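*Asks:* Below is one structure. I have some questions about it.
Chains as they are written, first to last, in our numbering: chain A, 104 to 517; chain B, 104 to 517; chain C, 104 to 517; chain D, 104 to 517.
What follows is the structure in structure tokens.
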């Protein structure tokens, strides 16, 4: 920790540590999947002798991962993957618990880079990153002693693949993003729920009988549409992919073009990963009172700039801006930014648990197998994916069947 | 308005009026049912010549009702049905619009009574009340000139029935509470949605795959159970009424005793109207991490006093208290108080619109028919109930069929 | 039994008795609600000393009721409530089991009346009727010794109410039709399932993604609409009652006029109890290939006579007639008659069990209380309704909560 | 057609041709996807000059495919892919329409092979097969002039891959089975609906409130479970794959081991593709009255042989056998064979339409591109898959969005 910063807070503000502890405990109670992995492995202390450098968003969920690694024997050091996302109470709490923490809310760009360097200075053997800023820094600094790492995000993986391609990747890295236990649940159920949660927090609007138009029927759209219907809404789906459109229709949804749906939608939710999905021509046809929300990663799905250029926004409720356009009023949520994060709390910890269980088991995999691994970007091993699912079921108290010997034979027979 | 109070605020704080206006406009846009009634009747100004005295919670939804009455020709005067529920921005806004407002947040008991008297001093012909404090005051003061009234709540109606029984009721009053367009929607859909909304705001917990135990399968329980399932939860219903229990099972829910469900529930929601539904013996069997929420009117459904007496609550998140009992942790939301109001915003305006549409049409009914009405408590006339439904459909842009002459005959044939 | 009729069959055709036994056993296994009532009461043989005259459709479900009464101690005699609905195998089986049976398929009108007389000649104390032909006959014949009865249908009750009104009713009668355990389940779930079952058997049509238009949103319409959606259909509801229309919309269904829905419906199902719901003007707008089914009691809901008058029907599959009208083809199922009975098997035995459990308990009630009962038409006592629900839950192995003493007090407190 | 067989029937029995025509017309009306493809391409007659040899099940759905090829200009010749599956009315109808048909119900093995030879003797350029018997015969006979083919099944493809591997494949073949528009709809929705349809036809059992245990949560299990819940059943899922088990739970289903579910299930449905899923140890724990159905392709999923060896089956209803085992009665449907085909009609024509649309477009692809294709087994080209989905949407009257130029760029940007 940089002098005079969070350390001061620790001393000055024991309440902050206590707040962090409570927040950590809440998340930990909701993330028992991770706990179960720890319980199963803690006897052997498989991370004994390893220092792990984490570069993650310093949130209550992250604190559960960091403490889990610690309980498995690792020394842990943490900086933030984003200068603005640090929860100071969590930072203070982790420091109290013996983690080395170099993070506080509102770091300057220089301080942000310094924090990364401080972690690397502790000579971690394993690096767990979100966005690859620490991996990149380690490569630039040619840091010695790193035996492997993990990376949470797609965009981080892209940078690593570039390194791999040019033959400069220094150690094996597991890309956590494409485990089945991540995308099957995170996108559909995690974003599905938190999107509606965010919209209800922002607007308090009544969903039963409301016409909800869901743009896009990928995993996120599937989750949002199913849950909106589950709340009583009359849901229309729009798509550009005919196969997905057909899926939506056979799942019982109305499917049509956005231009057709524009005049009757009460609420529009974009989940496409595309740009300018809702735009001028759609605004023009919408009815008075229509509400616009985006739950895609980037704030390009609704052409908010058109709205801001053509009408003066009035914040009629926190996070709800009203635009008077063409004789009617449209309402934009969270400035068109990802509504489940801005208006609610993003993914529930139970879903982050699946993702971080993959992280933790990938770390264990690296710790055990790094000697046999090459300087490559690896997928999460299938057996880890299965183990995470098993742990999730365990944590829920769910028992399932196992194949009999006869069935194993049958499966492999012609 | 009492001198030196909100009036001062008006002058001192034009921002408050503007905030009130925006809040009013938001509600009004969500309550177009009420607006449609106004649009349909505004030409004739059927409330011309009437002063209406309102004693209601001074909220954005109420402002829509008051302004609607005003647009139909009435003079309007308003005080609060509760000294603590006034939204000052709304009060200031209504005053600016020409209503006579006698209400501010934090009135003393004396001021509260004075406000009611101030409204009565304006000689209203019609009184619209919530709880019957103004009706009672008018009867005590033997206020002259009142031709009729309406009452929103069950408890208010109870007081009026006592007056009627003793032969002292001075004017006809319509009891709005038992219109079909109120209870079929308000309880099931309004409470159904807002209960889950409140729980998500308080906890951010993940509903897909969670075991939710819904205690009670009346209208509220039906709504909560259906919507919890709609979000992906695995729902169990408990009941004491065998017919309702059978309904729940045939609606596809697991049904069992609360004692059986106690060990596996992740979330318990009481919607029974009963006392001590979740109590010591159930707490004893619950698993670590169980969350307890009540959405019934009174805070007696969960035996919170047992928890407070036997463990020290820790507020682990706003509105979430943790109790360590018998080697595990239980979480109580909103101190066992009605979670949809405490943790979220209560009923969405679209549902309040149904209730207030009944109010507005009952006011119109009294204005037109008071000469023919007796000093009795009336139900909402069936045709008003139907009209409200029609207006709601209109507001949604929904058209429905009408019976042909042949069908009308057929219906009345043997 | 009339000489030379079913008796001969018994002797001549032991296979028929065996077929009847298997059919009875299948129904009995599905109607354990009735069995549980028998089990609970069989020790005391509460119907010992009573002869019961049944005038019911002689089906496998009826055989379960008749045998139940017998096991509770009654002598049982049976004739058919309709000359065409007798299942001879069941008649023969019941006779073998010691019931007195006067019924065979294809009775003439004269034989039908003679069969009723034969039952009355056995001097029953209790009469259980379906349509009141036996009650009426008993009144005309001034049959002595009858202490009470039950009646299954609305139309039968109507005849009895006329007798009551004119002061000529000879004994108390319980009207089984309006028990909550009948209408809450029979109509919504029983008709709901069997309607879709009938349509699938008749057409084999694909429901996921099909546009299904449900006319009427009473209990039957609610059941049909929910289950059609449950199969993946995109459901539209039409109604003439605005409150029900609003219910449908808030339950998440598209609601519009039938004329609006006519052009896009793939399948239309009438459940209104009204006449001429789908008629010329709707046929005119329908698309090629539309399928028409009625599940209302009478075959007047679809104006089939218009179709038969204006096009030559071609039976393209059993029970599916094709009409070429105005350049397109429409398909009428079961000639517009109640599709769940004609194309499938009507209500499943599990639902008939609820109805017959009410019958059986009403018989027990009459046997026990007739001395205290007046010559009136009674509703099913509330406690029987509750008992039936309890038995149904028992039969399913479902246990529910009971009110504590504290809760009973609370319920009755102010 | 072989002399003296179906030809005689044609002359002798014009009613059969008419019955075949009606059956064809019904299927064709339900398979407008295929029709739309014909409409779009019929002007150019793209199959002009091609003779197509079909070796398919001679059903009403197949008649739609064969007639479609004919309308696009092809000469068509047909024999059966199975000696027992021919619908003679369809065979006669197709012959009347000008197809060369060599098929009748009950062919001997020798006749079956002769029929294939007869088709090959007509020198088809394209072969469309189901099981690869005709492809194999053509390879054995070294039939000249074949430019390409298609194959419907997995098992047929396996044989072709063996030929390809050994370098003996004579012409390019498209494997239709793994198009997205086949497996996403056929398995989940087609089998999902028809399985419940078959169970209702066989048993008439009541699904609301019934405990249904679905073994396996692949596409078929997902469809069956969702639709059983949609009918009101309380559904439990069993699985051996932890990820799928987790999916089931987060979709809101109870998940447990089959041994745990055995004592409470009212209905068990196997959809696993595995052997001996329900076996002795499960039978032992089941309750009286449990019903067992299999919807997997092979009749090995329920260990029926155990039942047949240990109890005498009684056919209590058509297709429903009762076994008295260990003091209780179990009911096996369709002898454990695939219940949707045996007890109902298999996939609805609307779903076969998707599969046959892929067939038809693959035939068109071969006709156009064979010169550029190699002697390989090809997947269905992605654009055909998309075209089929588009045609399906067209047929349903559904319009969807198209990507703008800006969006196409965005998609391909970094």
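Even glycine gets a Cβ: it sits at the ideal position worked out from N, Cα and C. Because the structure is a prediction, the values reported are computed rather than measured.
(1) Per DSSP, which residues does residue 278 of chain A bridge with? Please list them.
(2) I need the straight-line Cα distance from residue 489 of chain C to residue 348 of chain B, nearest angstrom please.
(3) Kindly indicate which three-state DSSP category residue 511 of chain D falls into: helix, strand or coil?
(4) Using only alpha-carbon positions, find the residue among D:473, D:472, D:509, D:466 that is nearest to residue 155 of chain D.
(5) Find the nearest neighbour of residue 521 of chain B within the set B:281, B:394, B:312, judged by alpha-carbon distance.
(6) Quick check on the DSSP output: the beta strand (DSSP E) that includes residue 289 of chain D runs from which residue to which?
(7) Identify each residue in the segment 308-319 of chain D for which the Cβ-Cβ distance to at least one residue of chain B is less than 7 Å, and report them in chain order.
(8) Of the residues that make up the segment 394-423 of chain D, which ones have a beta carbon closer than 9 Å to any beta carbon in chain C?
(9) Counting only beta-carbon separations shorter than 8 Å, does residue 151 of chain D have a partner in chain B?
(10) One question on the structure: do residue 378 of chain A and residue 503 of chain D come within less than 8 Å of each other, judged by their Cβ atoms?
(11) In whole angstroms, what is the alpha-carbon distance linking residue 392 of chain D and residue 153 of chain A?
(12) Looking at chain D, which residues of the segment 439-471 of chain A have a Cβ within less than 9 Å of any of its Cβ atoms?
(13) Below 7 Å on C-beta distance, what does residue 436 of chain C contact in chain D?
(14) With H, G and I counted as helix, E and B as strand and the rest as coil, what does DSSP make of residue 218 of chain A?
(15) Using a C-beta to C-beta distance shorter than 9 Å, which residues of chain B count as neighbours of residue 371 of chain C?
(16) Taking DSSP as the reference, what is the three-state secondary structure of residue 104 of chain A?
(17) If I measure Cβ to Cβ from residue 464 of chain B and keep anything under 7 Å in the same chain, skipping five residues before and after, which residues do I get?
(18) Check whether the Cβ atoms of residue 120 of chain A and residue 195 of chain A sit closer than 8 Å, and answer yes or no.
(19) What ranges does the beta strand (DSSP E) occupy inside the segment 174-247 of chain B, keeping only unbroken runs of at least 3 residues that lie completely in it?
(20) Three-state secondary structure (DSSP) at residue 367 of chain A?
(21) For residue 385 of chain A, which residues in the same chain have their Cβ closer than 7 Å to its Cβ, ignoring the five residues on either side in sequence?
(22) Have a look at the DSSP bridge pairing and note the partners of residue 426 of chain D.
(23) Any C-beta of chain B within less than 8 Å: which residues of the segment 492-511 of chain A qualify?
(24) In chain C, which residues lie with their C-beta within 9 Å of the C-beta of residue 327 of chain A?
(25) So residue 312 of chain C packs on residue 353 of chain A, CB below 8 Å; how close in whole Å?
(26) Within the same chain, show all residues whose beta-carbon is closer than 6 Å to that of residue 304 of chain D, passing over the 5 residues directly before and after it, in chain order.
(27) Would you please verify whether the beta carbon of residue 335 of chain D is less than 8 Å from any beta carbon of chain B?
(28) Would you decide whether residue 209 of chain B is buried or exposed? Buried here means 16 or more other CB atoms lie within 10 Å of its CB.
(29) Considering only the beta carbon of each residue, do residue 406 of chain A and residue 372 of chain A sit closer than 8 Å?
(30) Got a sec: is the Cβ-Cβ distance from residue 481 of chain A to anything in chain D below 8 Å?
(31) How would you call residue 474 of chain B, buried or exposed, if buried means at least 16 neighbouring beta carbons within 10 angstroms?
(32) Any heavy atom of the ligand NAD closer than 7 Å to the beta-carbon of residue 433 of chain D?
(33) May I have the straight-line CA-CA distance separating residue 367 of chain D from residue 449 of chain A, to the nearest angstrom?
(34) Just the Cα atoms here: how many angstroms apart are residue 190 of chain D and residue 232 of chain D?
(35) Buried or exposed: residue 451 of chain A, going by 16 or more other Cβ atoms within 10 Å of its Cβ?
(36) Tell me which residues share the same chain as residue 281 of chain D and place their Cβ nearer than 8 Å to its Cβ, disregarding the 5 neighbours each side in the sequence.
*Replies:* Considering the structure as presented:
(1) A:254, A:482
(2) A straight line joining the alpha-carbon of residue 489 of chain C with that of residue 348 of chain B spans about 11 Å.
(3) helix
(4) Answer by Cα proximity: D:466.
(5) No answer is possible for residue 521 of chain B: it lies beyond the span of chain B, which begins at 104 and ends at 517.
(6) Run containing residue 289 of chain D: none; DSSP gives neither H nor E here.
(7) 311, 312
(8) The residues in question are 417, 418, 419, 420, 423.
(9) no
(10) no
(11) 59 Å
(12) Within the segment 439-471 of chain A, the residues whose Cβ lies closer than 9 Å to any Cβ of chain D are, in chain order, 457.
(13) What residue 436 of chain C touches in chain D: nothing, since even the nearest Cβ is about 13 Å away.
(14) helix
(15) Chain B residues near residue 371 of chain C: none, gap ~13 Å exceeds 9 Å.
(16) Only weak support exists for where residue 104 of chain A lies, its pLDDT of 42 falling under 50; the coordinates are left without a value.
(17) Taken in chain order, the residues that qualify are 140, 487, 490, 491.
(18) Taking 8 Å as the Cβ cut-off, residue 120 of chain A and residue 195 of chain A qualify as a contacting pair.
(19) Listed in chain order, they are 178-183, 203-205, 229-232.
(20) coil
(21) 361, 362, 365
(22) Looking at the DSSP assignment, residue 426 of chain D forms a beta bridge with D:433.
(23) 499, 500
(24) Neighbours of residue 327 of chain A on chain C: none; closest Cβ ~15 Å, over 9 Å.
(25) 4 Å
(26) A distance below 6 Å between beta-carbons, with the five flanking residues on each side excluded, links residue 304 of chain D to the following residues of its chain, in chain order: 446, 447.
(27) yes
(28) exposed
(29) no
(30) no
(31) exposed
(32) Absence of the ligand NAD from the depicted structure is noted, as is the absence of any ligand whatsoever, leaving it without description.
(33) So the two alpha carbons sit approximately 39 Å from each other.
(34) Cα-Cα distance, rounded: 18 Å.
(35) buried
(36) 482, 483, listed in sequence order.
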